[in-house]
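Participant: Residue numbers (the numbering used here), protein chains in the order written: chain A, 1 to 274; chain B, 1 to 289; chain C, 1 to 365.
(1) Based on Cα-Cα distance, which residue from A:256, A:106, A:237 lies nearest to residue 51 (chain A)?
(2) Can you grab the Cα-Cα spacing for the pair residue 262 (chain B) / residue 65 (chain B), in whole Å?
(3) Just to confirm before moving on: does the CB-CB distance between residue 240 (chain C) and residue 320 (chain C) stay below 8 angstroms?
(4) Please decide whether residue 172 (chain A) counts as near chain D, where near means a Cβ-Cβ distance under 8 angstroms.
(5) Does the beta carbon of residue 256 (chain A) come closer than 8 angstroms to any beta carbon on chain C?
(6) What in chain A is Cβ-close to residue 167 (chain B), meaning under 9 angstroms?
(7) Name the DSSP beta bridge partners of residue 338 (chain C), please?
(8) Residue 312 (chain C) by DSSP, collapsed to three states: which one?
(9) Looking at chain B, which residues of the region 108-129 of chain A have a Cβ within less than 8 angstroms of any of its Cβ atoms?
(10) Does any C-beta atom of chain A lie closer than 8 angstroms to the C-beta of residue 280 (chain B)?
(11) Straight-line CA distance for residue 95 (chain C) to residue 135 (chain C)?
(12) How should residue 34 (chain B) be labelled, buried or exposed, when 16 other C-beta atoms within 10 angstroms of its C-beta is the threshold for buried?
(13) Quick check on this structure: which residue in C:7, C:89, C:26, C:269 has the alpha carbon closest to the alpha carbon of residue 166 (chain A)?
(14) According to DSSP, residue 264 (chain C) sits in a beta bridge with which residue or residues?
(15) Measure the Cβ-Cβ separation of residue 13 (chain C) and residue 80 (chain C) and say whether it is below 8 angstroms.
(16) Around the C-beta of residue 99 (chain B), are 16 or more other C-beta atoms found within 10 angstroms, so that it is buried, or is it exposed?
(17) What does residue 116 (chain C) pair with, by DSSP beta-bridge criteria?
(18) For residue 164 (chain B), count neighbouring Cβ atoms within 10 angstroms of its own Cβ and tell me buried if that reaches 16, exposed if not.
(19) Rounding to the nearest angstrom, what Cα-Cα distance links residue 77 (chain A) and residue 139 (chain A) in this structure?
(20) Go through the region 154-198 of chain C residue by residue and report every complete run of the beta strand (DSSP E) that reaches 3 residues or more, in order.
(21) Smallest Cα separation from residue 209 (chain A): which of A:134, A:231, A:235?
(22) Buried or exposed: which applies to residue 25 (chain B), given that a residue is buried once 16 or more other Cβ atoms fall within 10 Å of its Cβ?
(23) Would you report the Cα separation of residue 5 (chain B) and residue 97 (chain A), rounded to the nearest angstrom?
(24) Where does residue 351 (chain C) sit, in a helix, a strand or coil, going by DSSP?
(25) Is it true that the region 109-125 of chain C meets the region 180-199 of chain A, where meeting means three or more beta-carbon pairs spaced less than 8 angstroms apart?
(26) Considering residue 20 (chain C), what are the terminal residues of the beta strand (DSSP E) in which it resides?
(27) Give the straight-line distance between the Cα atoms of residue 160 (chain B) and residue 201 (chain B), rounded to the nearest whole angstrom.
(28) Is it buried or exposed, residue 204 (chain B), if we count other Cβ atoms within 10 angstroms and call 16 or more buried?
(29) Leaving out the 5 sequence neighbours to the left and right, which residues in its chain are closer than 6 angstroms to residue 235 (chain A) when beta-carbon positions are compared?
(30) So the candidates are B:21, B:129, B:78; which of them puts its Cα closest to the Cα of residue 146 (chain B)?
(31) Using the C-alpha atoms, what's the distance from residue 264 (chain B) back to residue 51 (chain B)?
(32) Does residue 214 (chain A) get closer than 8 angstroms to chain C when you measure Cβ to Cβ?
(33) Apart from the five residues just before and just after residue 58 (chain B), which ones in its own chain have a Cβ nearer than 7 angstroms to its Cβ?
(34) Give me whichever residues DSSP pairs with residue 63 (chain C) in a beta bridge.
(35) Can you tell me whether DSSP reads residue 275 (chain C) as helix, strand or coil?
(36) Output the boundary residues of the alpha helix (DSSP H) element that contains residue 90 (chain C).
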């Protein structure tokens, strides 16, 4: 049997599948720069006016600003909590460990609508009003499990004797963290920050349920989808977001590889992405 | 690195206390409240706190809720099966036939999903619409005479859109499981006389089952709760439980009923998920992990 | 051996983990400038003891004194000790100079001084010029030297080594044993080595503490341990020991007379009887394989002789180890013979005469 050569049907399937995956993604920039207000074929010519429309929209600006703040705060808080959990489970043995970690990871397997409903019920009961902070609270809840997953392997691969060696050489606890632990987990930290940022940026359901008067970007997009004339500029917005997200991801991967290479680890491991 | 175990235990507990405490306050407490809430009733803006099974009775007897619940479960199961079946070959291709730069391919597979989910669903609406991309292209090419209507504003559109949306989430776990398979096992099987087809069914597939189970659960659970896709492309036939929940919390002003719907769908999903997990364990089960 | 001042005192040191007693009352004094080894099988507590001296675990009870000061409550980073870890614990994100200079940077030493000290330390371990190598580019032996240099550069009072050579291949290990020994002698720093390899301990150490199950069975020089093991267990752990059935004949003012069933009568002066041994309870004696000789030539003579039969032989190049059946002794004994020029190898099954001397008989508890 020829090893290494895929059967024809499988290769064709792979090609067809990739086309299927990319169909919407290719269409988006196409219609973002299409000189027509209707999203349909045939195409009418190139224009950048939709980008200009976007640029001049105040509502969009404030949505972008809101989303950015929410995403940054979420990324920082989730990464911090994730680091605490990852470090605790790597270094210590405490009672009911698996149950506690399992529970913290629970939001991963709950549909977002359940999380949104749960939070809004609680807020209703407490009489608290909705705002961007409630959105942040919800986002941190669903992003922390991702952070734990990413940071767990970073902290687990930290050989305990490294920290003991640093201690033995006279370094304090804080010094050991600063000079040894932090540099070694930094790729994971950056990964976690970027992934949490991206998740928060794109998250809709919780934001929709929990926001007060300030809209995040996805909520803004949702409000625009009713209006056919706004659609091309929405396409433009999507394209910008796509380019931004890809840029962030590439950046994250570059950092990870650079840090891994400096430490002589396997820089091309596909596990790094996961 | 502390003085004595008890201090280490304490340090560990303090560290884990932060994220766990957050989850307790932000998740456990709210979930408990949702369950409690589902036993109350709401009259316009007043909430009556006497415990009652009213909401659950409504959920299980009134046809509209029944329909939506069963439809949600049915669609979710179909989406899951379709997505996983479509994802498996590509994961297989990536694991066994791509030699260099697997990470790059994984990256390429995930790129489409860094667009806003909303926009992706909306684009499928655009593609599948009466005057949409697919129809205009097929008309121009002369393959059809009239635009297709079966592809939008019904359950089919929901299945297609979600199969696209969850693709990488299904591909990744299957890929990871396939990567873990020791290639020398397959060489041994070949050496013992198995054809490629038999090798797949006797060696590869059983060992990949944990990945398939993971993919199934990763797709099934969020799908049941999906809100956007049914709303945009589902039409009236495609309305799912999440939309119904949102209506209860919104215009219908019946949050307790919404809570009851949420709890009910969660229980169903949990039962199905546990079932899938155990079936998966049995089939793939004797593999030492 | 000139006795210098004690650098480490262990006073009734005990350690338990839950219900498990890892160390059951360790008492020992280690002298300054000594190469001291903790030797024993895995699980005997030697690494636990080393880590307690380093400060990574506190004793459950008892006291550890370093240079006259009690270490109670003093954390690992404040102790005048430095450790070479079994896994070497080389910091992967720093180069060799960064690793070796790590502790000096903590002390806030000026950069020029750090560089000078680091170069000196690297030269000491034969790694001059390796300063800018990355950690992952080092071989196992090189990592071990970097770990050593990193500890040496701190100029501690005591260097602790946790099975530093166990991960190296045999040739490298043999070479490092000699180098470590010479380095220690040159520097005059106290070394405490943990190992399960008795050959290693014998080669490198001034004194060895043999440990079994959390207790020190015997603390003595290598020669003392080999020639006069205190207990049966120490005897069989260090080298190979033949155990022969024996019984007491008589005991008088000058010594004891024993009958070794396989070899005959032997008289042993009281000075050669270890303190804890009750002559009436002696039922076994020991004799090392090299203390028994196969007499090939009719003209070969020994202090005592007995007729025996060769069961089998193992050829090791420079030595041959024979399995020989002695009269009245159920299990065959091991006899080692050097393969000198002209000496043939006795065939299995052939009768042979075995020579032995009274002085080589060992008594133990």
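Idealized CB from N, CA, C, for every residue including glycine.
Facilitator: According to the structure data:
(1) For this step, residue 51 (chain A) is matched to residue 51 along the first chain. Out of A:256, A:106, A:237, A:237 has the C-alpha closest to the C-alpha of residue 51 (chain A).
(2) Along the second chain, read from residue 1 onward, the residue named residue 262 (chain B) stands at position 262. Along the second chain, read from residue 1 onward, the residue named residue 65 (chain B) stands at position 65. Approximately 11 angstroms between the Cα atoms of the pair.
(3) Reading the third chain from its first residue, position 240 is the one you call residue 240 (chain C). Reading the third chain from its first residue, position 320 is the one you call residue 320 (chain C). Going by C-beta atoms, residue 240 (chain C) is not nearer than 8 angstroms to residue 320 (chain C).
(4) This model lacks chain D altogether; the protein chains it does include are A, B and C.
(5) As a working note, residue 256 (chain A) is residue 256 in the first chain. Not an interface residue.
(6) Position 167 of the second chain, counted from the start, is the residue given in the question as residue 167 (chain B). Within chain A, the residues near residue 167 (chain B) are 17, 20, 21.
(7) Within the third chain, the letter at position 338 stands for residue 338 (chain C). C:319, per the DSSP bridge assignment.
(8) Numbered from its first residue, the third chain carries residue 312 (chain C) at position 312. Here residue 312 (chain C) sits in strand by DSSP.
(9) 109, 110, 111, 112, 113, 114, 115, 117, 118, 119, 120, 121, 122, 124, 125
(10) As a first step, residue 280 (chain B) is located in the second chain; it is residue number 280 there, counting from the start. No, residue 280 (chain B) does not count as interfacial toward chain A.
(11) Along the third chain, read from residue 1 onward, the residue named residue 95 (chain C) stands at position 95. Along the third chain, read from residue 1 onward, the residue named residue 135 (chain C) stands at position 135. For residue 95 (chain C) and residue 135 (chain C), the distance between alpha carbons rounds to 5 angstroms.
(12) Counted from its first residue, the second chain places residue 34 (chain B) at position 34. By the 10 Å Cβ count, residue 34 (chain B) comes out buried.
(13) For the purposes of this step, residue 166 (chain A) is taken as the residue at position 166 of the first chain. Closest option to residue 166 (chain A), Cα to Cα, is C:89.
(14) Here residue 264 (chain C) corresponds to residue number 264 of the third chain, with the count starting at 1. Looking at the DSSP assignment, residue 264 (chain C) forms a beta bridge with C:260.
(15) Indexing the third chain from 1 puts residue 13 (chain C) at position 13. Indexing the third chain from 1 puts residue 80 (chain C) at position 80. No.
(16) Taking the first residue of the second chain as position 1, residue 99 (chain B) is located at position 99. Per the 10 Å Cβ criterion, exposed.
(17) The count along the third chain starts at 1 and reaches residue 116 (chain C) at position 116. BP columns for residue 116 (chain C) are empty, so no partner.
(18) Here residue 164 (chain B) corresponds to residue number 164 of the second chain, with the count starting at 1. With 16 or more Cβ atoms within 10 Å of its Cβ, residue 164 (chain B) is classed as buried.
(19) Here residue 77 (chain A) refers to the residue found at position 77 of the first chain. Here residue 139 (chain A) refers to the residue found at position 139 of the first chain. If I take the Cα positions, the gap works out to 10 angstroms.
(20) 158-162, 190-195
(21) Numbered from its first residue, the first chain carries residue 209 (chain A) at position 209. Measuring from the Cα of residue 209 (chain A), the nearest candidate turns out to be A:134.
(22) Taking the first residue of the second chain as 1, we reach residue 25 (chain B) at position 25. Its Cβ having fewer than 16 others within 10 Å, residue 25 (chain B) is exposed.
(23) Along the second chain, read from residue 1 onward, the residue named residue 5 (chain B) stands at position 5. Along the first chain, read from residue 1 onward, the residue named residue 97 (chain A) stands at position 97. With a pLDDT of 45 at residue 5 (chain B), under the threshold of 50, the predicted position of this residue should be treated as unreliable, though the coordinate-derived value follows. Their backbone Cα atoms lie some 16 angstroms apart in a straight line.
(24) Mapped onto the third chain, residue 351 (chain C) falls at position 351. In this structure, residue 351 (chain C) counts as strand in the three-state DSSP scheme.
(25) no
(26) The residue labelled residue 20 (chain C) in the question sits at position 20 within the third chain. Where residue 20 (chain C) is concerned, the enclosing beta strand (DSSP E) stretches over 20-31.
(27) As a first step, residue 160 (chain B) is located in the second chain; it is residue number 160 there, counting from the start. As a first step, residue 201 (chain B) is located in the second chain; it is residue number 201 there, counting from the start. When rounded, the distance between both Cα atoms is 28 angstroms.
(28) Here the question's residue 204 (chain B) lines up with position 204 in the second chain. Label assigned to residue 204 (chain B): buried.
(29) Reading the first chain from its first residue, position 235 is the one you call residue 235 (chain A). The answer, listed in chain order, is 28, 31, 32.
(30) Along the second chain, one-based indexing puts residue 146 (chain B) at 146. Ranking the options by Cα distance to residue 146 (chain B), first place goes to B:129.
(31) Here residue 51 (chain B) is taken as the residue at index 51 of the second chain, counted from 1. Here residue 264 (chain B) is taken as the residue at index 264 of the second chain, counted from 1. Approximately 17 angstroms between the Cα atoms of the pair.
(32) Here residue 214 (chain A) refers to the residue found at position 214 of the first chain. No, residue 214 (chain A) does not count as interfacial toward chain C.
(33) On the second chain, position 58 is the one that residue 58 (chain B) refers to. Excluding positions up to five away in sequence, the list reads 65, 257.
(34) On the third chain, position 63 is the one that residue 63 (chain C) refers to. For residue 63 (chain C), which the question treats as bridged, DSSP gives the partners C:11.
(35) Numbered from its first residue, the third chain carries residue 275 (chain C) at position 275. Residue 275 (chain C): coil per DSSP, three-state reduction.
(36) In the third chain, residue 90 (chain C) corresponds to position 90, counting from 1. Run containing residue 90 (chain C): none; DSSP gives neither H nor E here.
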